[in-house]
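> Numbering (this note's numbering), first residue to last: 41 to 583.
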């Protein structure tokens with residue numbers, strides 16, 4: 041891999057670092073005020089047909105008022121403010137408002153229950169929680185710690201806030217704009233976001249202000265968002281990919297944030313793409329798989345204007361890539377990242393970085409990152425050798441992860457002893473051309489008869505079968521082979537579980553993939569266990 045100094049975009053990286061790092065960074069100006077005017081800052085729709093558009097000028101004024109509300113409650117630079125809100129105007133206003141004061145944002149996904157909320161609010165010591173009436177009852181069942189945070193509730197016309205709560209709308213209406221946005225340093229906390237994790241308590245990832253440089257790098261290089269694009273990231277801002285690149289990313293570029301606040305529906309997704317003539321779309325692979333599984337929609341085919349499509353969150357199956365070219369008219373590009381560090385590896389869309397897609401590869405290192413493959417001792421491996429994906433922090437100027445909030449022990453586990461390499465916990469290999477191919481999480485690797493089997497390939501082989509909508513594989517104990525591959529399969533409508541279908545799927549994978557990686561056991565289930573962000577939780581299947 042070339043070092044960062046060999047990167048042809050190094051001058052641009054330097055410029056991003058100057059913009060987003062330093063002793064006096066005004067976050068509200070970077071994300072809103074510099075774009076003030078009549079250009080839309082938010083385009084909103086919901087499940088009941090409500091629609092609204094807000095300009096950057098309106099977002100500036102509303103978030104200034106909300107900053108005054110928070111200021112009156114004692115919120116100041118460095119404090120944490122949590123949001124338990126759906127995709128909405130209130131979410132954008134609250135987030136921009138707290139950033140005006142130099143506070144840190146703690147996102148709470150609306151699907152969280154009391155236990156998940158309590159863990160995050162308690163660990164972050166959030167001073168304020170902003171929620172709405174639909175989610176407010178969860179807080180009554182949550183241990184919010186002491187002193188309890190103040191609660192601001194968004195109400196509708198026929199609702200009243202709970203006793204002791206502050207009414208979001210009334211407070212906003214009565215506030216004078218808080219004019220002076222607080223400058224902060226690039227090292228101060230912008231976001232405190234918690235990883236869902238497969239084991240243990242959630243870990244608070246410290247996202248500093250200077251991480252905005254890597255956010256813009258991904259928007260420009262990975263996604264090639266241009267001035268003429270209509271950009272839509274479907275991910276929920278309660279999670280990293282949505283917060284970093286569906287909310288902060290568009291605001292950095294002066295693009296409108298597109299929010300469709302509704303349960304996922306294939307037809308509604310096509311309708312939104314068509315209505316707003318979206319040219320640049322990104323989401324999780326699960327969404328594309330569900331769209332693929334739905335097949336051809338009844339009625340007229342949607343008239344799409346897609347120029348680019350991307351996905352992130354877990355590996356993209358080659359069969360879905362082929363479907364995207366046929367159904368959407370674009371090649372879906374697979375991207376890789378983590379909550380810790382944002383996006384790091386991409387099949388880049390930017391013409392200067394774009395390369396031919398290779399099946400099973402998630403692409404090349406992002407500008408500003410040097411990605412390597414390490415063996416168990418921390419030594420860099422050569423082409424074709426499988427090991428752990430790591431970031432060379434000494435040659436990755438846009439890598440910003442510094443640790444987990446108040447958790448030095450788990451922070452130390454993510455870095456080599458000398459501090460040079462950040463360890464992702466994911467396995468991959470890199471070929472001689474620099475293409476990186478994901479194998480799986482370290483704890484998802486299956487070892488059978490001496491072979492190391494990543495879940496990605498057998499899962500991709502299974503969903504290529506006409507009867508399969510989704511699949512996940514794990515290793516289970518076997519007296520002879522150590523482990524064998526077991527598959528959990530979700531069938532498409534019109535197909536029923538049977539011994540005959542199990543045999544057909546085994547033969548299908550054996551003939552299309554290999555004789556050692558096919559599932560020797562198959563279990564049909566109604567749905568796969570997933571995190572709220574759509575990642576398959578194989579540890580639950582193992583349990």
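We put the CB at the ideal spot given by N, CA and C, even for glycine. Being a predicted model, the structure only gives us computed values, none of them experimental.
1. Does the distance from the CB of residue 223 to the CB of residue 66 come in under 8 Å?
2. Taking 8 Å as the threshold, find out whether the stretch 314-327 comes into contact with the stretch 113-132 through three or more Cβ pairs.
3. Starting from the C-beta of residue 174, find all residues in its chain whose C-beta is less than 7 Å away, skip the five residues before and the five after it, and write them out in chain order.
4. To the nearest angstrom, how far is it from the Cα of residue 390 to the Cα of residue 581?
5. Identify every run of the beta strand (DSSP E) within the stretch 418-472, keeping only runs that are complete inside it and at least 3 residues long; order them along the chain.
6. Under a three-way DSSP split, which group does residue 55 fall into?
7. Quick check on the burial criterion: 16 or more other C-beta atoms within 10 angstroms. Buried or exposed for residue 251?
8. How should residue 127 be labelled, buried or exposed, when 16 other C-beta atoms within 10 angstroms of its C-beta is the threshold for buried?
9. Quick check for students: name the residue ranges of the alpha helix (DSSP H) that lie wholly in the stretch 167-206, counting only runs of 4 or more.
10. Considering residue 528, what are the terminal residues of the beta strand (DSSP E) in which it resides?
11. Would residue 125 and residue 92 qualify as a contact pair, given that the criterion is a beta-carbon distance under 8 Å?
12. Just the C-alpha distance for residue 462 and residue 136, rounded to the nearest angstrom, thanks.
13. Here's a check: name, in chain order, each residue in its chain whose Cβ is nearer than 6 Å to the Cβ of residue 231, leaving out the five neighbours to either side.
14. When DSSP builds the beta bridges, which residues end up paired with residue 145?
15. Going by the beta-carbon positions, is the gap between residue 233 and residue 147 smaller than 8 Å?
16. Just to confirm, is the Cβ distance from residue 316 to residue 337 under 8 Å?
17. Could you please give me the residues that DSSP links to residue 271 through a beta bridge?
18. Rounded C-beta distance between residue 172 and residue 193? I'm assuming under 8 Å.
19. Using DSSP with H/G/I as helix, E/B as strand and the rest coil, what is residue 575?
20. Apply the 10 Å Cβ neighbour rule to residue 51 and answer buried if 16 or more other Cβ atoms are within range, or exposed otherwise.
21. Using only alpha-carbon positions, find the residue among 437, 562 and 472 that is nearest to residue 56.
22. Once you ignore the five residues that flank residue 572 on each side, which residues in its own chain have a CB closer than 6 Å to its CB?
23. Could you work out which residue in 188, 117, 243 and 76 is closest to residue 225 when comparing CA atoms only?
24. Residues in its own chain within less than 6 Å of residue 548 by CB, not counting five upstream and five downstream?
25. Flag this pair as touching only if the stretch 415-432 and the stretch 361-374 have three or more C-beta atom pairs under 8 Å; answer yes or no.
26. Are the Cβ atoms of residue 97 and residue 76 separated by less than 8 Å?
27. Out of 302, 296 and 343, which one is the CA nearest neighbour of residue 310?
28. Around the C-beta of residue 395, are 16 or more other C-beta atoms found within 10 angstroms, so that it is buried, or is it exposed?
29. If you run the structure through DSSP and keep just helix, strand and coil, what is residue 406?
30. Using beta-carbon positions only, say whether residue 257 and residue 61 come within less than 8 Å of one another.
31. Here's the rule I'm using: 16 or more other beta-carbon atoms within 10 Å means buried, otherwise exposed. How should residue 379 be labelled?
According to the data block:
1. The beta carbons of residue 223 and residue 66 sit closer together than 8 Å.
2. no
3. none
4. Using only the alpha carbons, I get a separation of about 38 Å.
5. 427-432 and 461-470
6. helix
7. buried
8. buried
9. 173-180
10. 522-531
11. no
12. 31 Å
13. 145 and 247
14. 121 and 231
15. yes
16. No, Cβ-Cβ distance for residue 316 and residue 337 is not below 8 Å.
17. DSSP output for residue 271 lists 320 as bridge partner(s).
18. 6 Å
19. coil
20. exposed
21. 437
22. 149 and 151
23. 117
24. 505
25. no
26. It is a contact, given that the beta carbons lie within the stated cut-off.
27. 343
28. The residue in question, residue 395, is exposed, as its Cβ has fewer than 16 Cβ neighbours within 10 Å.
29. Reduced to three states, the DSSP call for residue 406 is coil.
30. no
31. buried
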